[in-house]
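This report concerns only the one structure given below.
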Amino acid sequence: MTTPVAQRVDHKLLLDYYKKMLELRVFEVKVQELYRNGRLPGFVHLYVGEEAVAVGVCANLRNDDLIFSTHRGHGHALAKGVPGGVVLAELWGKVAGSSGGRGGSMHMYAPEWGFMGTNGIVGAPIPLATGGGLTAKLAKKGGVVVSFFGEGAVNSGSFHEALNLGTVWDLPVIYVCENNLYATEMAFSRATKNTSVASRAAAYGMKGVAVDGQDVMAVHDAAAEAIRIARADGGPTLIECKTYRYVGHHEGDPGTDYRTREEVQEWKQKDPVKRARKQLLDSGIEEIKLAAVDEEVEVWIEEAVKFAESSSEPLAESVTEHVY
Amino acid sequence: MSEQGRVITYSDAGVEALREEMRRDSSIVYIGQGIGPRGGNFRQTKGLWKEFGDHRLRDTGICELGATGVAIGAAMAGTRTIVDEVFLDFALEALTQIIQQAANISYMSNGKIKAPVLVRGAMGAVRNAGAHHSHTFYNWFANTPGLKVVLPATPYDLKGLFKSSLREPGPVIFIEHKSLYNTKGVVPEEEYIIPLGEARIVREGKDVTIVAMSRMVDLAVKAAAALESEGVSAEVIDPRTIVPLDRQRITDSIKKTGRLVVIDESPSSCSFAAELLAIAVEDCFHELDVVPKRICSMPVPNPFSPVLENLMIPSVERIVGEIHGMMKDVRRKS
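Chains as they are written, first to last, in our numbering: chain B, 4 to 327; chain R, 207 to 540.
Right under this line is the structure:
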């Protein structure tokens with residue numbers, strides 16, 4: 004990348020984003036380890052490689068703004084402010100988890116932090132987020148809603164119907180597509196003739212932009228502009244963030260039979276966390292200062308593990324609670 | 207229920223309930239196709255747009271999946287919503303949102319997020335609309351934890367149940383019957399609500415219990431009148447809501463009469479009728495005088511031909527005939 008980002012960035016901001024991205028990365032690596040050791044039940048889809056999107060977008064949000072996430076949503080929850088221990092406890096099926104152990108990875112909800120859930124159904128959160136936007140618009144408090152989804156969702160009817168309603172009603176929704184090129188194993192180029200997600204905005208009379216999803220400041224800038232417009236009742240924007248997951252679709256999928264190792268390595272060269280670190284060093288921040296941040300993140304993850312591990316299992320007799 | 211008083215139609219009872227609730231609760235937003243200036247395909251929002259306008263009566267194009275998802279998402283975020291599928295058949299376009307999102311959300315979020323959304327649709331055979339516009343899918347919804355399922359049979363019940371459904375914390379599937387929209391009944395002008403889960407004894411009797419809902423209540427009442435002239439006293443019960451179900455009132459009646467017939471406009475397999483027969487066996491086994499009976503639609507898609515469709519759906523003649531047979535049969539008691 005040749006963009007001289009370091010020259011224009013606010014160092015304090017970039018340092019914050021570096022730390023947050025590192026938290027997301029370290030969190031997922033820890034989840035991977037716990038999962039592989041058989042400590043966590045269920046299934047997990049990890050966010051490794053895509054951290055700049057969640058962090059760059061959520062940095063612009065207020066606590067009462069809402070986000071609706073996907074099956075790959077741990078990073079979104081953390082970026083929106085849900086404490087690491089609460090997210091991890093949910094992955095563990097514990098009572099201290101955001102859903103008290105009733106949800107797990109793909110059904111975790113933390114409305115206290117404006118986190119309206121991960122989701123096990125691809126495409127489904129897009130209409131839900133649009134509805135959240137309707138509530139925000141009617142409330143007239145300048146609130147906005149972010150709808151995260153992958154490129155795997157954009158060929159679904161949910162995407163089409165939701166973006167159409169979002170635009171025709173001028174709802175304060177930011178549709179953020181994390182285009183990581185593969186829906187499970189299906190390459191986007193094999194799934195559609197039009198691989199520009201941003202260009203699809205035109206079909207709805209919506210603004211559409213594409214950004215380098217591995218550059219946290221680029222994501223931040225695009226999101227800041229879209230959110231500013233939405234807060235001013237100027238309607239929705241579709242932001243396509245070009246990104247990549249280093250890991251398989253889910254833990255257990257090696258992710259190597261539908262893409263080449265070279266391709267994965269190529270994307271790792273653009274790693275958002277390393278890139279931010281390099282930009283900080285290039286701009287004169289001392290290594291020792293970054294090492295201190297790294298250390299803080301290590302402490303943070305260990306505390307999250309302790310918190311989750313020490314939480315109790317749900318009471319078996321509570322199984323029928325909260326159905327209605 | 208008073209037999210005297212103001213008489214209005216089933217569809218007007220719905221409009222009146224909606225108007226009163228939208229005045230009472232300014233957060234209610236109504237989403238659907240043709241529900242604005244047009245006043246609804248079944249006149250189910252007649253005159254409301256003039257009072258509440260575009261912000262609260264939100265017309266959409268034909269997009270049940272998106273519109274239902276939006277209604278559910280808005281509800282999750284704090285707005286009480288109604289989404290009108292118009293024909294219940296069209297709710298199938300949106301089933302993933304209703305089942306996977308609305309019905310599950312309270313449980314998945316440990317009770318932290320509720321989706322107070324009323325999903326409205328008109329069901330059933332009327333004027334030979336054919337297979338795509340005549341289905342009666344209430345059994346599907348009733349089989350999903352997290353949903354409440356309401357089927358009013360009269361204008362009085364429609365109004366009272368609609369109002370209580372709009373005060374529920376979570377999703378309610380509110381199913382009207384297309385052939386009932388022009389039927390009339392007494393509806394008081396003063397405020398009343400009917401709690402979900404309270405069956406109505408439509409007609410008291412001592413020889414046989416007939417359980418029926420929605421349009422089938424009218425058939426049951428007619429069959430009961432025909433049977434009375436032959437000396438058979440039939441009790442007709444309308445549960446009004448499948449979920450929650452007034453198990454007590456139904457089983458009390460079965461224990462009293464010793465005979466149960468369930469009329470169901472859906473096919474019998476895995477149906478409400480099947481559930482009621484199971485309840486009769488579980489709760490009233492020793493009080494049953496004869497094998498309980500279910501009279502359901504035949505397991506075929508609704509045919510277009512009037513000759514075929516009339517045969518497919520339960521009729522007064524079929525109900526009377528089945529009960530005749532039942533009255534002759536006496537279960538051997540040990």
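Each residue gets a CB set at the ideal place from its N, CA and C atoms; glycine is no exception.
Bear in mind that the values here come from a model prediction, so they are computed numbers and not experimental data.
Could you have a look at residue i and say whether DSSP puts it in helix, strand or coil?
i	result
residue 445 of chain R	coil
residue 424 of chain R	helix
residue 316 of chain B	coil
residue 260 of chain R	helix
residue 290 of chain R	strand
residue 543 of chain R	Past the boundaries of the shown model lies residue 543 of chain R; chain R is included only from 207 to 540, so the question cannot be answered.
residue 412 of chain R	coil
residue 457 of chain R	helix
residue 215 of chain R	strand
residue 221 of chain R	helix
residue 276 of chain B	helix
residue 137 of chain B	helix
residue 360 of chain R	coil
residue 127 of chain B	coil
residue 1 of chain B	There is no way to answer for residue 1 of chain B, as the model of chain B reaches only from 4 to 327.
residue 249 of chain B	coil
Can you list the residues of chain R that residue i reaches, using a CB-CB cut of under 7 Å?
i	result
residue 164 of chain B	269, 271, 272
residue 138 of chain B	280, 283, 284, 285
residue 325 of chain B	312, 313, 316, 317
By the criterion of Cβ-Cβ separation under 8 Å, what are the contact partners of residue i in chain R?
i	result
residue 135 of chain B	279, 280, 282, 283
residue 105 of chain B	313, 314, 315, 316
residue 168 of chain B	266, 269, 272, 273, 276
residue 3 of chain B	A query on residue 3 of chain B cannot be resolved here, the shown segment of chain B reaching from 4 to 327 and no further.
residue 407 of chain B	Any answer about residue 407 of chain B is impossible in this case: the structure gives chain B only from 4 up to 327.
residue 64 of chain B	Correct list: empty, because the minimum Cβ distance to chain R is about 14 Å.
Residue i bridges to which residues according to DSSP?
i	result
residue 383 of chain R	R:329
residue 342 of chain R	None, per the DSSP bridge assignment.
residue 150 of chain B	B:71, B:178
residue 243 of chain B	B:180, B:213
residue 190 of chain B	B:185
residue 118 of chain B	B:70, B:113
residue 324 of chain R	R:288, R:378
residue 407 of chain R	R:443
residue 473 of chain R	R:503
residue 238 of chain R	R:265, R:290
residue 354 of chain R	R:378
residue 466 of chain R	R:415
Spatial neighbours of residue i within its chain, please: CB distance less than 8 Å, with the 5 preceding and 5 following residues excluded, ordered by chain position.
i	result
residue 412 of chain R	439, 441, 462, 463
residue 190 of chain B	184, 261, 262
residue 8 of chain B	For residue 8 of chain B, the predicted structure reports a pLDDT of 49, less than 50, and the residue's modelled location is therefore unreliable. The matter cannot be settled from this model.
residue 321 of chain R	278, 281, 282, 307, 308, 311, 312, 376, 377
Against residue i, what residues of chain B qualify as contacts under a CB-to-CB distance less than 8 Å, listed in chain order?
i	result
residue 319 of chain R	112, 114, 119, 120
residue 292 of chain R	Chain B residues near residue 292 of chain R: none, gap ~16 Å exceeds 8 Å.
residue 275 of chain R	127, 129, 130, 131, 133, 134, 161, 164, 165
residue 391 of chain R	Here the premise fails: no neighbours, minimum Cβ distance about 30 Å.
residue 170 of chain R	With chain R covering 207 to 540 only, the question about residue 170 of chain R has no answer from this structure.
residue 352 of chain R	326, 327
Leaving out five residues before and five after residue i in sequence, what residues of the same chain have Cβ atoms less than 7 Å from its Cβ?
i	result
residue 310 of chain R	352
residue 250 of chain B	49, 51, 258
residue 86 of chain B	none
residue 410 of chain R	441
residue 408 of chain R	423, 427, 442, 443, 444
residue 347 of chain R	353, 355, 379
residue 528 of chain R	467, 499, 501
So which residues on chain B does residue i lean against when the C-beta distance must stay under 7 Å?
i	result
residue 302 of chain R	124, 127
residue 239 of chain R	Per Cβ cutoff of 7 Å: no residues; residue 239 of chain R is ~12 Å from chain B at best.
residue 306 of chain R	124, 127
residue 401 of chain R	None at all; the shortest Cβ gap to chain B is about 14 Å.
Which residues of chain R have a Cβ atom closer than 9 Å to the Cβ of residue i, listed in chain order?
i	result
residue 27 of chain B	By Cβ distance, chain R contributes nothing, its closest Cβ being about 22 Å from residue 27 of chain B, past 9 Å.
residue 72 of chain B	By Cβ distance, chain R contributes nothing, its closest Cβ being about 13 Å from residue 72 of chain B, past 9 Å.
What residues in its chain sit with their C-beta under 6 Å from that of residue i, if we drop five residues either side in the sequence?
i	result
residue 100 of chain B	92, 93
residue 46 of chain B	253
residue 4 of chain B	Residue placement at residue 4 of chain B is flagged as unreliable, the pLDDT there being 42, under the threshold of 50; a coordinate-derived value is accordingly withheld.
residue 350 of chain R	305, 309
residue 6 of chain B	At residue 6 of chain B the pLDDT is 48, less than 50, meaning the model places this residue with poor confidence; the figure from the coordinates comes in the next sentence. Correct list: empty, nothing qualifies.
Whose Cβ in chain B lies nearer than 9 Å to the Cβ of residue i?
i	result
residue 376 of chain R	326, 327
Exercise for the section: Mind the definition here: the segment 121-129 of chain B touches the segment 71-89 of chain B only if three or more C-beta pairs lie below 8 Å; say whether that holds. Expected result: Touching, yes, given that three or more Cβ pairs across the two stretches are closer than 8 Å.
Problem - Inter-stretch contact (C-beta, 8 Å, three-pair minimum) for the segment 525-537 of chain R and the segment 490-505 of chain R - result: The segment 525-537 of chain R vs the segment 490-505 of chain R: in contact.
Problem - At least three beta-carbon pairs within less than 8 Å, the segment 189-203 of chain B to the segment 294-308 of chain R - result: no
Exercise for the section: Take every Cβ of the segment 99-118 of chain B, pair it with every Cβ of the segment 236-247 of chain R, and state whether three or more of those distances are shorter than 8 Å. Expected result: no
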